[in-house]
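The structure appears right after this line, and notes come after that.
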Amino acid sequence: MEVQHNLLILGSQNAKEEDQKLKRSQVKPVQIMYKDENIEPVSFFDDWGEVGVSSIAWPQKFKDELFVSVNDEIRRLNVKSKSWKTLDLGTVGDIHDIHFLDDLLWISNTEYDEAIGYDAEKAEVVKRLSLDEFRTEKEWAQGGEEFEKIKDRFHCNQVFKNYAGETCVLIHTINGWLFYRMLFEMLVKQQGEGGVINLDTKEVIPLKLQSPHSVRKINGNYWIQDSSDLSVKIYDKEWNLIDSIKTGGFGRGADFSEEANRAYIGLSATRKRYLKIIPTSEYHSNRVMVTDIKKRKKIKEVPVPNIEQMDNVYILNEQMLEVFESLK
Numbered sequence: 001m002e003v004q005h006n007l008l009i010l011g012s013q014n015a016k017e018e019d020q021k022l023k024r025s026q027v028k029p030v031q032i033m034y035k036d037e038n039i040e041p042v043s044f045f046d047d048w049g050e051v052g053v054s055s056i057a058w059p060q061k062f063k064d065e066l067f068v069s070v071n072d073e074i075r076r077l078n079v080k081s082k083s084w085k086t087l088d089l090g091t092v093g094d095i096h097d098i099h100f101l102d103d104l105l106w107i108s109n110t111e112y113d114e115a116i117g118y119d120a121e122k123a124e125v126v127k128r129l130s131l132d133e134f135r136t137e138k139e140w141a142q143g144g145e146e147f148e149k150i151k152d153r154f155h156c157n158q159v160f161k162n163y164a165g166e167t168c169v170l171i172h173t174i175n176g177w178l179f180y181r182m183l184f185e186m187l188v189k190q191q192g193e194g195g196v197i198n199l200d201t202k203e204v205i206p207l208k209l210q211s212p213h214s215v216r217k218i219n220g221n222y223w224i225q226d227s228s229d230l231s232v233k234i235y236d237k238e239w240n241l242i243d244s245i246k247t248g249g250f251g252r253g254a255d256f257s258e259e260a261n262r263a264y265i266g267l268s269a270t271r272k273r274y275l276k277i278i279p280t281s282e283y284h285s286n287r288v289m290v291t292d293i294k295k296r297k298k299i300k301e302v303p304v305p306n307i308e309q310m311d312n313v314y315i316l317n318e319q320m321l322e323v324f325e326s327l328k
């Protein structure tokens, strides 16, 4: 059996109207992919978010609660009562991945170049780390006053702990300068500027990644979706590149089981405007790529309906499967 786990699939409508094929009412942001590859929507979330749901976190400490990211807010959902409230986070926007790390909910406040640590027990923000200090003097000088008006300079899309237990962020451009925002929009952002910033040691780690997403720690290595390169890059603990897996799609979202030797990687369908820019590009459906961890090879791809963009993939144990089935 290629798909050895039940999976939670998060997705959304494309943000730009020219890329949209589905109406928002046709989008099913939260779906369950069963081991037999049957996919069923979790209807409770159908109307959540302007375009969909980007991330969900469920810590063991809060047994009956889900923390759900819907672009510019995070909702704290009580599964039993089906009631929810919005977290008080201050100014946030374009929230990407959220994860519980060391009892804090870490939030990538992508639009405002911040990593936010939220204490769910105290119901308050306890850490708010700005990436401003990592902008290079060269880019400051070039940008001037117009540069100061630009938000989302780093495109921080995940907060994570490295193997040393230090807090890091995955970013699209290590110098805080998203060139395309000042001049023009292209298929990818500034090529090869993506990497990691260690917020504890202040070390900047350039990895020459193109629009990276979803770093995961697997078998003593780091797996990162090098999204615009249509690949997964694998690094050792010192961030030396040791291997690469071609995916053939823009990757976002991944989960894995070392015991079962499986990684599940989310790949988005090619957007319409990109087909126009790159004539050789082909349209592919949204899908999950089932991967052999040890061999670092694709086993198969499973298409995902009812969305225009993949946002996240999670393995569901039996307990969490029951939780999400109760919301169908």
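First residue of the sequence shown? That's 1 in the UniProt record's numbering, and the numbers climb one at a time after it.
Glycine residues also receive a C-beta, built at the ideal position from the N, C-alpha and C atoms.
If you're wondering where the values come from, they're calculated on a predicted model, not measured in any experiment.
Within the chosen definition, does the segment 84-95 reach the segment 112-125 through at least 3 CB pairs nearer than 8 Å?
-> yes
Could you give the DSSP three-state label for Lys189: helix, strand or coil?
-> Sequence index remark: in the sequence shown, residue 189 carries index 189 (1-based). Low confidence applies here, because Lys189 scores a pLDDT of 45, under 50, leaving its location unreliable; read the following figure in that light. In this structure, Lys189 counts as coil in the three-state DSSP scheme.
May I have the straight-line CA-CA distance separating Ile107 from Ile95, to the nearest angstrom?
-> Along the sequence shown, one-based indexing puts residue 107 at 107. Along the sequence shown, one-based indexing puts residue 95 at 95. Computed Cα separation, rounded: 7 Å.
Distance, Cα to Cα, Asn14 vs Ala57?
-> In the sequence shown, counting from the first residue as 1, residue 14 sits at position 14. In the sequence shown, counting from the first residue as 1, residue 57 sits at position 57. Their Cα atoms are separated by approximately 23 Å.
Could you tell me the distance, in whole angstroms, from the CA atom of Ala269 to the CA atom of His284?
-> For this step, residue 269 is matched to residue 269 along the sequence shown. For this step, residue 284 is matched to residue 284 along the sequence shown. Their backbone Cα atoms lie some 5 Å apart in a straight line.
Beta-carbon gap between Ile265 and Gly248 smaller than 7 Å = One-based indexing of the sequence shown puts residue 265 at position 265. One-based indexing of the sequence shown puts residue 248 at position 248. Against a cut-off of 7 Å, the Cβ pair of Gly248 and Ile265 comes out as no contact.
Assign Asn44 to one of three DSSP states: helix, strand, or coil.
-> If you number the sequence shown from 1, residue 44 lands on position 44. Before going further, note that residue 44 is Phe rather than Asn in the sequence given. Correct three-state label for Phe44: helix.
Decide if the segment 18-30 is in contact with the segment 297-304; the criterion is three or more beta carbon pairs, one per stretch, under 8 Å apart.
-> no
Should Asp243 be labelled buried (16 or more other beta-carbon atoms within 10 Å of its own) or exposed?
-> In the sequence shown, counting from the first residue as 1, residue 243 sits at position 243. So Asp243 counts as exposed.
Which value, in whole angstroms, describes the spacing of the CA atoms of Lys208 and Ser228?
-> The residue labelled residue 208 in the question sits at position 208 within the sequence shown. The residue labelled residue 228 in the question sits at position 228 within the sequence shown. When rounded, the distance between both Cα atoms is 11 Å.
Could you check where the beta strand (DSSP E) with Phe250 kicks off and where it finishes?
-> As a position in the sequence shown, residue 250 is number 250, starting the count at 1. Segment 250-257, the beta strand (DSSP E) holding Phe250.
Look at the alpha carbon of Pro303 and the alpha carbon of Asp226, and state the distance between them as a whole number of angstroms.
-> As a working mapping, residue 303 is identified with position 303 in the sequence shown. As a working mapping, residue 226 is identified with position 226 in the sequence shown. Their Cα atoms are separated by approximately 20 Å.
With 16 as the cutoff for other CB atoms within 10 Å, does Tyr314 come out buried or exposed?
-> Working through the sequence shown from its first residue, we reach residue 314 at position 314. By the neighbour-count rule (16 or more Cβ atoms within 10 Å), Tyr314 is buried.
Less than 7 Å separating the beta-carbons of Leu10 and Val53?
-> Within the sequence shown, residue 10 is the residue found at index 10, counting from 1. Within the sequence shown, residue 53 is the residue found at index 53, counting from 1. Result yes, Cβ atoms of Leu10 and Val53 sit closer than 7 Å.
In the structure shown, what three-state DSSP assignment does Thr167 receive?
-> Taking the first residue of the sequence shown as position 1, residue 167 is located at position 167. Strand, per DSSP.
Out of Val70, Glu2, Asp64, point me to the one whose CA is closest to Tyr34's CA.
-> The residue given as residue 34 occupies position 34 in the sequence shown. The option with the nearest alpha carbon to Tyr34 is Glu2.
Unbroken beta strand (DSSP E) run spanning Val196, endpoints = In the sequence shown, residue 196 corresponds to position 196, counting from 1. It spans 194-198 - the beta strand (DSSP E) in which Val196 sits, taken as one unbroken run.
How many Å lie between Phe62 and Asn78 at the Cα?
-> To locate residue 62, count along the sequence shown from 1; it is residue 62. To locate residue 78, count along the sequence shown from 1; it is residue 78. Each residue's Cα considered, the two are about 9 Å apart.
Where Glu203 falls, given that 16 or more other Cβ within 10 Å makes a residue buried | In the sequence shown, counting from the first residue as 1, residue 203 sits at position 203. Answer is exposed; the Cβ neighbour count stays below 16.
DSSP state of Arg24, grouped into three classes?
-> Within the sequence shown, numbered from 1, the residue matching residue 24 stands at position 24. It is helical.
Since Val159 is in the beta strand (DSSP E), which residue starts that stretch and which ends it?
-> On the sequence shown, position 159 is the one that residue 159 refers to. First-last of the beta strand (DSSP E) with Val159: 156-161.
Can you list, in chain order, the residues of its chain whose CB lies under 7 Å from that of Ser241, leaving out five sequence neighbours each side?
-> Here residue 241 refers to the residue found at position 241 of the sequence shown. It is Leu, not Ser, that sits at residue 241 in the sequence shown. Hits under 7 Å: Lys233, Tyr235.
Could you pull the start and end residues of the beta strand (DSSP E) that Gln309 belongs to?
-> Residue 309 sits at position 309 when you count from the first residue of the sequence shown. Unbroken beta strand (DSSP E) run through Gln309: 309-316.
Coil, strand or helix - Tyr112 by DSSP | As a working mapping, residue 112 is identified with position 112 in the sequence shown. It is helical.
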